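Take a look at the structure below.
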């Protein structure tokens with residue numbers, strides 16, 4: 043088994059009385075895209091800031107590429123690229139100037155022109171930062187995190203504030219970066235993003251890692267219960283489905299029925315319906331998703347008010363706000 | 024032989040040092056470009072002092088009259104010559120209180136300092152680059168004002184040039200110390216710009232931009248003497264006209280620099 047690129051053990055960090063990171067442990071393997079998934083305020087950013095040597099932990103062990111971020115920050119920054127939230131550039135700096143400037147900070151930088159081409163910014167090279175679109179700013183930000191030829195890139199909330207098109211564009215950039223052999227730590231509150239990009243995910247809630255695994259593994263944990271939705275072709279007698287041993291709950295509304303239950307519930311329900319000569323129309327079987335895993339692990343639904351970051355309407359309102367700005 | 028060895032030994036720790044020096048050089052050049060790309064900055068910091076001096080010198084009827092007909096020393100100088108140390112103080116105030124702190128606070132607000140702290144180059148280098156660029160701008164502005172002043176409106180040279188230069192250097196140190204206090208703590212560009220504007224206009228007042236200090240009430244003169252640019256204006260004037268040694272003014276400026284710079288360094292917020 044290869045050595046982890048990042049080893050975090052029992053990390054803890056509090057600001058005054060507020061505990062930002064309670065107990066976080068993670069191991070990131072070389073070449074993978076590792077997701078840190080959680081709501082805003084779950085402690086994700088603090089965790090990666092400590093990993094990146096920008097903050098000192100109160101307790102716990104951190105090794106990144108064998109270095110201690112506290113004492114070797116400068117050597118670490120030669121080898122680890124960090125893209126932070128809400129880090130801008132001077133408005134009148136052009137894309138090319140930004141890359142040339144940041145390249146000069148590193149002993150062995152990447153070629154800025156190649157990087158511009160890779161990130162689709164060549165035709166924006168002489169554009170000032172203030173005139174770039176949100177997606178272009180994010181791509182430039184990724185380019186700056188990569189200009190030092192890092193072995194590890196930490197990308198924090200890469201697509202926050204981007205419209206769906208720019209978001210998809212940025213995702214393909216991340217995949218292209220991984221194809222260059224860079225290990226990526228992706229911090230996100232977006233299910234879809236984590237599911238689409240990450241090889242493994244750590245779900246963080248209230249400063250703790252509640253689960254780690256591949257998206258499929260995590261989803262499988264939550265799918266012990268299956269959900270079945272259909273419209274019966276004729277009204278069902280009361281108690282028909284409730285009586286089945288594998289069924290845990292039945293809800294009916296507007297002629298639609300939702301049945302939850304264990305492993306063989308699908309077959310049992312269909313057999314019972316068949317026995318009455320009733321058909322299950324518009325049948326949908328809900329497979330366990332990462333979202334389900336998240337909800338069952340953190341104990342809160344994604345539409346919960348306190349779970350604003352997972353709520354799609356909030357995300358899109360933030361998108362339009364930042365586009366206006 | 025031993026000299027060669029020392030140099031070689033000093034250079035060996037090598038690549039990080041040289042990439043640091045390269046980074047700082049590049050950063051300074053880039054900050055310089057950004058400085059002149061902002062037209063407002065470029066005008067007020069580089070051109071305005073020279074423009075003010077020449078326009079006043081050409082248009083104002085008092086410009087060629089004696090600075091003070093009743094004073095045996097001052098009546099040998101034209102009024103526009105008397106205004107020259109004031110214009111130099113204004114040039115110092117412009118960079119120390121407006122462009123420099125506003126840029127640093129804007130960099131803090133927009134996360135530019137934070138982004139720099141993710142690179143091998145320490146974010147303090149951007150402070151070094153900014154101070155360098157603003158000092159460069161000040162030197163250009165002061166030289167331009169003096170050259171145009173002397174050639175176009177006949178500003179007379181100083182009696183004690185070394186004292187004037189020394190007072191100017193102390194003026195720069197004390198004003199940048201005060202400006203650095205703003206740059207150190209202002210959370211946003213607009214905050215720094217507001218605080219800076221207040222310091223700027225107070226400085227102009229105490230330096231005598233609107234009304235020469237000798238014409239102001241004694242109480243105002245006493246207060247002016249304790250401010251960096253009030254002291255700067257009076258100390259440079261004393262050197263210019265060969266008046267008694269401006270010990271108090273030089274001391275005031277030195278204290279501002281010696282207290283302000285370390286204090287700003289301690290309070291500086293890097294994110």
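Residue numbers (our numbering), protein chains in the order written: chain P, 43 to 367; chain G, 24 to 294. Ideal Cβ placement from N, Cα and C applies to all residues, glycine included. As the structure is a computational prediction, the values presented were derived from the model and not from experiment.
1. Which residues mark the beginning and the end of the alpha helix (DSSP H) in which residue 295 of chain G is found?
2. Quick one: measure Cβ to Cβ for residue 164 of chain G and residue 114 of chain G, integer angstroms, because I've assumed they're closer than 8 Å.
3. On the DSSP bridge list, what partners appear for residue 293 of chain P?
4. Is residue 97 of chain P near the ligand FMN - that is, is its Cβ less than 7 Å away from at least one heavy atom of it?
5. Is it buried or exposed, residue 86 of chain P, if we count other Cβ atoms within 10 angstroms and call 16 or more buried?
6. Can you list the alpha helix (DSSP H) stretches of 4 or more residues lying completely in the segment 185-247 of chain G, in chain order?
7. Of the residues G/45, G/93, G/123, which one's Cα is nearest the Cα of residue 58 of chain G?
8. Tell me which same chain residues have a C-beta within less than 8 Å of the C-beta of residue 64 of chain P, skipping the five on either side of it?
9. Go ahead and pull the three-state DSSP assignment for residue 129 of chain P.
10. Scan the segment 40-64 of chain G for residues whose Cβ lies nearer than 7 Å to a Cβ of chain P and list them as they occur along the chain.
11. For residue 6 of chain P, go through chain G and note every residue whose CB falls closer than 8 Å to its CB, in chain order.
12. Contact between the segment 149-161 of chain G and the segment 132-143 of chain P is defined here as three or more beta-carbon pairs at a separation below 8 Å; is this criterion met?
13. Just reading off the alpha helix (DSSP H) that residue 165 of chain P is part of, what are its end residues?
14. Taking the straight line between their C-alpha atoms, what separation do you get for residue 266 of chain G and residue 97 of chain G?
15. Mind checking which residues open and close the beta strand (DSSP E) that includes residue 255 of chain P?
16. Where does residue 136 of chain P fall in DSSP's three states?
17. Determine the chain P residues that contact residue 144 of chain G at a beta-carbon separation under 7 Å, and present them in chain order.
18. Quick check on residue 345 of chain P: does DSSP put it in helix, strand or coil?
19. Look up residue 219 of chain P in the DSSP assignment and say whether it is helix, strand or coil.
20. Which of the three DSSP states is assigned to residue 174 of chain G in this structure?
21. What does a CB cutoff of less than 8 Å around residue 189 of chain P pick up in its chain, not counting 5 residues either side in sequence?
22. For residue 268 of chain P, write down the residues that DSSP places opposite it in a beta bridge.
23. Under 8 Å between the Cβ atoms of residue 116 of chain G and residue 273 of chain G?
24. Would you say residue 363 of chain P reaches chain G, if we count a Cβ-Cβ gap shorter than 8 Å as a contact?
25. Which residues, in order along the segment 76-108 of chain G, keep a beta-carbon less than 8 Å from a beta-carbon of chain P?
26. Measuring CB to CB, does residue 106 of chain P end up less than 8 Å from residue 194 of chain P?
27. For a cutoff of 8 Å on Cβ pairs, would you count residue 137 of chain G as touching chain P?
28. Could you check how far apart the C-beta atoms of residue 290 of chain P and residue 305 of chain P are, in whole angstroms? I think they sit under 8 Å.
29. Residues in its own chain within less than 6 Å of residue 271 of chain P by CB, not counting five upstream and five downstream?
30. Could you tell me which of G/185, G/184, G/118, G/105 sits nearest to residue 226 of chain G, measuring between CA atoms?
31. Locate the beta strand (DSSP E) running through residue 106 of chain G, then write down its first and last residues.
32. For residue 129 of chain G versus residue 217 of chain G, is the C-beta distance shorter than 8 Å?
So, from the data block:
1. One cannot answer for residue 295 of chain G here, as it falls past the ends of chain G, which runs 24 to 294.
2. Locating residue 164 of chain G in the second chain gives position 141, where the first residue counts as 1. Locating residue 114 of chain G in the second chain gives position 91, where the first residue counts as 1. In this structure residue 164 of chain G is in contact with residue 114 of chain G, their Cβ atoms being roughly 5 Å apart against a cut-off of 8 Å.
3. Locating residue 293 of chain P in the first chain gives position 251, counting from the first residue. For residue 293 of chain P, which the question treats as bridged, DSSP gives the partners P/300.
4. The model on display carries no ligand, and the ligand FMN is accordingly not part of it.
5. One-based indexing of the first chain puts residue 86 of chain P at position 44. Of the residues assessed, residue 86 of chain P falls on the buried side of the cut-off, its CB having 16 or more other CB atoms within 10 angstroms.
6. 212-230
7. Locating residue 58 of chain G in the second chain gives position 35, counting from the first residue. If we check each option's Cα against that of residue 58 of chain G, G/123 comes out closest.
8. Start at 1 with the first residue of the first chain, and residue 64 of chain P comes out as number 22. Closer than 8 Å at Cβ, skipping near neighbours: 54, 85, 248, 249, 250.
9. Residue numbering aside, residue 129 of chain P sits at position 87 when the first chain is read from its first letter. In the structure shown, residue 129 of chain P sits in coil (DSSP, three-state: anything other than H, G, I, E or B).
10. Cβ contacts with chain P: 42, 45, 46, 49, 50, 53, 57, 60, 61.
11. Here chain P covers residues 43 to 367 and nothing more, so residue 6 of chain P does not appear.
12. no
13. Residue 165 of chain P sits at position 123 when you count from the first residue of the first chain. Unbroken run through residue 165 of chain P: none, as it is neither H nor E.
14. Numbered from 1 along the second chain, position 243 holds the residue referred to as residue 266 of chain G. Numbered from 1 along the second chain, position 74 holds the residue referred to as residue 97 of chain G. Whole-angstrom Cα-Cα distance: 9 Å.
15. Position 213 of the first chain, counted from the start, is the residue given in the question as residue 255 of chain P. Counting along the chain, the beta strand (DSSP E) containing residue 255 of chain P begins and ends at 250-255.
16. Mapped onto the first chain, residue 136 of chain P falls at position 94. Residue state, collapsed to three classes: strand.
17. Position 121 of the second chain, counting from 1, holds the residue named residue 144 of chain G. Per Cβ cutoff of 7 Å: 147.
18. Along the first chain, read from residue 1 onward, the residue named residue 345 of chain P stands at position 303. Confidence at residue 345 of chain P is low in this model, with a pLDDT of 44, below 50, so its placement is unreliable and no value can be given for it.
19. Counted from its first residue, the first chain places residue 219 of chain P at position 177. Helix at residue 219 of chain P.
20. Taking the first residue of the second chain as 1, we reach residue 174 of chain G at position 151. In the structure shown, residue 174 of chain G sits in a helix (DSSP, three-state: H, G or I).
21. Translated into positions along the first chain, residue 189 of chain P becomes position 147. So the qualifying residues of the chain are 123, 141, 144, 145, 148, 151, 152, 154, 157.
22. Within the first chain, the letter at position 226 stands for residue 268 of chain P. Per DSSP, the beta bridge partners of residue 268 of chain P are P/303.
23. Here residue 116 of chain G corresponds to residue number 93 of the second chain, with the count starting at 1. Here residue 273 of chain G corresponds to residue number 250 of the second chain, with the count starting at 1. At the C-beta level, residue 116 of chain G and residue 273 of chain G stay beyond 8 Å of one another.
24. Translated into positions along the first chain, residue 363 of chain P becomes position 321. In this predicted model, residue 363 of chain P has a pLDDT of only 34, less than 50, meaning its place in the structure is not dependable; the value taken from the coordinates is given anyway. No, its Cβ sits nowhere closer than 8 Å to a Cβ of chain G.
25. none
26. Position 64 of the first chain, counted from the start, is the residue given in the question as residue 106 of chain P. Position 152 of the first chain, counted from the start, is the residue given in the question as residue 194 of chain P. Yes, the Cβ-Cβ distance between residue 106 of chain P and residue 194 of chain P is below 8 Å.
27. Here residue 137 of chain G is taken as the residue at index 114 of the second chain, counted from 1. Chain P, which has a Cβ nearer than 8 Å to the Cβ of residue 137 of chain G, makes this yes.
28. Translated into the one-based positions of the first chain, residue 290 of chain P becomes position 248. Translated into the one-based positions of the first chain, residue 305 of chain P becomes position 263. Taking C-beta atoms under 8 Å as the contact rule, residue 290 of chain P and residue 305 of chain P fail to qualify, at a distance of about 11 Å.
29. Within the first chain, the letter at position 229 stands for residue 271 of chain P. Cβ neighbours of residue 271 of chain P beyond the five flanking positions: 300, 326.
30. Here residue 226 of chain G refers to the residue found at position 203 of the second chain. Nearest option by C-alpha distance: G/118.
31. Position 83 of the second chain, counting from 1, holds the residue named residue 106 of chain G. First-last for residue 106 of chain G: 102-116, but that is the alpha helix (DSSP H), not the beta strand (DSSP E).
32. To locate residue 129 of chain G, count along the second chain from 1; it is residue 106. To locate residue 217 of chain G, count along the second chain from 1; it is residue 194. Not in contact: residue 129 of chain G and residue 217 of chain G (Cβ atoms no closer than 8 Å).
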